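Student: Please read through the structure below; I'll follow up with questions.
There are 2 protein chains.
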Amino acid sequence: MRKPRTRVSSGNPTLADVAARAGVSQATASRVLNDSARKVGEQHRQRVLRAARELDYRTDLSAQAIARGTAPVLALLVSSIDDPYFSAIAEGVAQSAHTHGVIVTIAITARDTERELTSVRTIRGQRPRAILVSGSRVTESPHTAALVAELRGFAAGGGRTIFLSRPVGGLGAVRPANSAGGRELGAAIARQGYRRAAVVTGSPRLETVTERTEGLRQGMVPLGGVITTVESDTFDRSGGYRSARRLIESGRMADADVLCAGNDFMAVGAMTALRDCGIRPGHDIAVTGFNDIETAADVTPRLTTVRFPLAGIGRRAADLALGSAAPPPDDICVPGQVILRASCPPRPG
Amino acid sequence: MRKPRTRVSSGNPTLADVAARAGVSQATASRVLNDSARKVGEQHRQRVLRAARELDYRTDLSAQAIARGTAPVLALLVSSIDDPYFSAIAEGVAQSAHTHGVIVTIAITARDTERELTSVRTIRGQRPRAILVSGSRVTESPHTAALVAELRGFAAGGGRTIFLSRPVGGLGAVRPANSAGGRELGAAIARQGYRRAAVVTGSPRLETVTERTEGLRQGMVPLGGVITTVESDTFDRSGGYRSARRLIESGRMADADVLCAGNDFMAVGAMTALRDCGIRPGHDIAVTGFNDIETAADVTPRLTTVRFPLAGIGRRAADLALGSAAPPPDDICVPGQVILRASCPPRPG
DNA sequence: CCGAAATGGGAAAGCGCTATCCCACCTGTC
DNA sequence: GACAGGTGGGATAGCGCTTTCCCATTTCGG
């Protein structure tokens, strides 16, 4: 006889413990605790419930997962969670997961495609029901192919994958309609009378960035507008500040009548840069952003922007991923809405 | 002989598959894949690695967890992830978890103490290494006792618990020093010459709220200052807007020389309310916030606030929870730093 | 009343891993 | 040459749970 493995005496109570205490078989205990289809006599049912309560029993999810062959888990991959864009999406995902009775595990990739890859590898080990990949795709990353291969493998094992940015490899996506949003914004500012737009935005390797800028151009051109210059920096507040300053100092801001930022943070940073240089945003030059973050309405002047239902996108993606019907790998673009505010008044001239 | 359970043929490859393909025992395969202390001949090692690669094998974490008796998981409980306060903390937690090679699962409670409870119950089933509870404690919730009991049970099973707000039940915490921060801010504005503070903040049932307000008072009083009135609403931007308006419309704002908000969002909303009523923030009345959110530096006038290293707090809590040494249940208060900006200029009078 | 069809319970075979034993073989050593 | 001490490999007992079988009772229609 083998020596029994040293059992951690202080370990958690197991189903066997519950069954023993209730004086029934494990099978019965399991049936009660999972209210399975199989009926259990009221007598026994009560005793099991009571035993479980008294022992402070909690089903071991790992064991359950392995026995059932599937874990009630949804994995979310984001570049950063400390960014309103992603946290809004995450909020929606979490809501949906909660109503589906599923646990959310989150991995942050810090915009590092290699880390993205290793994260997916690890996550696959959890055998989640689905993997949601947010975080703007970086064009031509050397790891993209590997990522796609990894996700394909996951799908082959029965998992679902949904991108919250432009999809690759024939997988599905639910995402903000950046191009269309850009077009509408471009048309809107052109209708306000602006014709020469200077753009401050993130790295052109981020697809979100190129989609927005390109959309903007497409919206303005038919109405006689034009993008005079594009300056890139980090896709955040300080990037907005810095690139706006560069534009001003190099004189390229001088002939623009509107400054379009790639997102609201950049817009807000850029407005500060303008002010620091004695230019009055909304007065000497119009300003626009993207996303409609909460403070967009509180800066002065209030920021014109494009609002996307981010939480709704997250929710929808998760619903799709967790729904019973296998979703076709669609590329669903959720439209945005132009919010015209004081930073972009009808042009006086 | 029993009929073997219908095996999902499309399932993921198992360790047995890898071992078979490599022509070795499962034990050997396991040893290679986990680079265990036990050495394996180079021959076999290579073959196992190759087989794993060819099969696109991913260790099943649930199975591993159950076999090892512990899962590489850290659970984080927050009120909302769509709130810069919590997402900053979450970011820090995720960073730490990543360096510890641990997966993060996140549960949002929507400030609902009952949901908080059920979340902890579910989470315990994951047998995580630790549970981090963020989200301001609500005083006197009927569920608090149950929550504590649940966390105690978790600790009894070998898990660790850390609060990121005021701890209860003798458990540990790492949290922003709200009281001290309030005191310092109170003293700072008094030194700027302000004496009569109106406060707009969240529900007095939130401990964060009372700690900050009380600290503020303690900081001002010794220097001859006083809190003239406190108005509560939701702890966010619109709550700030609404409560500021109520203060103005009821005339209670008239005799205050500084408006102190419970957090930056409320401050920003309140500033908009002031402006909507023709009062110039930073000019007719000083304004302060709490937390130093990114846009605090970009509103006009730039917002005076108290900065807390939120991500650092999250990281530290996670480090503590994942460290090898069992941490004593300390209540660690991380100090904040008063950031004096234009919204609170030296008082002219 | 009798056999058939429920009904409710238990035994035990996995699920995919890890880790303990055990064993066969290879070195050295006196 | 025999024996103590490595070394590397394989069998296999769990880990905690689900679920399939199987079995003993009841319940009924005819």
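Protein chains in written order, with my numbering: chain A, 128 to 476; chain B, 128 to 476.
Backbone N, C-alpha and C define an ideal beta-carbon position, used for all residues, glycine too.
On a predicted model such as this, the values are computed, not experimentally measured, just so you know.
Please state whether DSSP places R134(A) in a helix, a strand or coil.
Tutor: Residue confidence is low: R134(A) scores 44 on pLDDT, short of 50, so the model does not pin down where it sits. Its coordinate-derived value is still stated next. R134(A): coil per DSSP, three-state reduction.
Student: With a CB to CB cut of under 7 Å and the five nearest residues on each side skipped, what residues in its chain are close to S268(B)?
Tutor: The residues are T240.
Student: How should T226(B) be labelled, buried or exposed, when 16 other C-beta atoms within 10 angstroms of its C-beta is the threshold for buried?
Tutor: Classification of T226(B): exposed, given that the 10 Å Cβ count is below 16.
Student: Pop quiz: A400(A) and I375(A) are said to be a contact at Cβ under 8 Å. What is the actual Cβ separation, rounded to whole angstroms?
Tutor: 7 Å between Cβ atoms; contact.
Student: Among the residues of its own chain, which have a CB less than 7 Å from the CB of R132(A), if the five just before and after it don't count?
Tutor: Low per-residue confidence applies at R132(A): pLDDT is 42, beneath 50, and the placement is therefore not dependable, though the value from the model is reported in the following sentence. None.
Student: Cα separation between D458(B) and S470(B)?
Tutor: Looking at the two C-alpha atoms, the distance is approximately 33 Å.
Student: In terms of residue numbering, what span does the beta strand (DSSP E) encompassing V231(B) cover?
Tutor: Run containing V231(B): I230 to I235, per the beta strand (DSSP E) assignment.
Student: So within the segment 314–371 of chain A, which uninterrupted alpha helix (DSSP H) runs reach at least 4 residues, ignoring any that extend past its ends?
Tutor: Counting only runs of 4 or more, we get 334–347.
Student: Using only the heavy atoms of the ligand MN, determine whether one of them is closer than 7 Å to the beta carbon of V465(A).
Tutor: Ligands displayed in this structure: none; no statement on the ligand MN is therefore possible.
Student: Please report the straight-line C-alpha distance between R373(B) and R429(B), rounded to a whole angstrom.
Tutor: Their backbone Cα atoms lie some 23 Å apart in a straight line.
Student: Can you give me the start and stop residues for the alpha helix (DSSP H) that R172(A) sits inside?
Tutor: Start and end: E169 to L182.
Student: Using a 10 Å radius around the Cβ and a threshold of 16 neighbouring Cβ atoms, would you call Q464(A) buried or exposed?
Tutor: By the 10 Å Cβ count, Q464(A) comes out exposed.
Student: Buried or exposed: where does A164(B) fall if 16 or more other Cβ atoms within 10 Å of its Cβ makes it buried?
Tutor: Exposed: under 16 other Cβ atoms inside 10 Å.
Student: Using a Cβ-Cβ cut-off of 8 Å, state whether I459(A) counts as contacting chain B.
Tutor: So, not an interface residue.
Student: Enumerate in chain order the residues of its own chain whose CB-to-CB distance from R379(A) is below 6 Å, with the five nearest sequence positions on each side excluded.
Tutor: T356, listed in sequence order.
Student: Quick one: list the residues of chain B neighbouring Q253(A), beta-carbon separation under 8 Å, in chain order.
Tutor: Chain B residues near Q253(A): L188, S189 and I230.
Student: Identify whether V465(B) lies in helix, strand or coil by the three-state DSSP scheme.
Tutor: Three-state DSSP puts V465(B) in a strand.
Student: Do G405(B) and D425(A) have their C-beta atoms closer together than 8 Å?
Tutor: Not a contact, by the Cβ cut-off of 8 Å.
Student: If you measure from the beta carbon of R185(B) to each beta carbon in chain A, is any gap under 8 Å?
Tutor: Chain A contact via Cβ: present.
Student: Sort out for me which residues DSSP pairs P408(B) with in a bridge.
Tutor: I412(B).
Student: Let me check understanding here. Comparing Cα to Cα, which of Y212(B), I193(B) and I233(B) lies closest to R302(B)?
Tutor: Ranking Y212(B), I193(B) and I233(B) by Cα distance to R302(B) puts Y212(B) first.
Student: Within this structure, are the beta carbons of I440(B) and L291(B) separated by less than 8 Å?
Tutor: In this structure, L291(B) lies closer than 8 Å to I440(B) by Cβ.
Student: Enumerate in chain order the residues of its own chain whose CB-to-CB distance from V205(A) is below 8 Å, with the five nearest sequence positions on each side excluded.
Tutor: Once the five neighbours on either side are set aside, the close Cβ partners of V205(A) are F213, I216, A217, I233, A234, I235, T236, S261 and G262.
Student: Are there 16 or more other CB atoms within 10 angstroms of the CB of E169(B), so buried, or fewer, so exposed?
Tutor: Under this definition E169(B) is an exposed residue.
Student: Go through its chain and collect everything with a Cβ distance to A224(B)'s Cβ below 8 Å, but skip five positions before and after it.
Tutor: Answer for A224(B): L201, I230, V231, A445 and L449, listed in chain order.
Student: At a Cβ cut of 8 Å, what residues of the segment 338–352 of chain A count as close to chain B, listed as they run along the chain?
Tutor: Residues: none.
Student: Quick one: does T226(B) have its CB under 8 Å from some CB of chain A?
Tutor: Closer than 8 Å: no.
Student: Counting along the chain, where does the beta strand (DSSP E) carrying I208(A) start and finish?
Tutor: No beta strand (DSSP E) holds I208(A); DSSP gives it neither H nor E.
Student: Got a sec? Which residues, its chain only, sit under 7 Å from L447(B) by beta carbon, not counting five neighbours each side?
Tutor: Contacts found: I289, V301 and P454.
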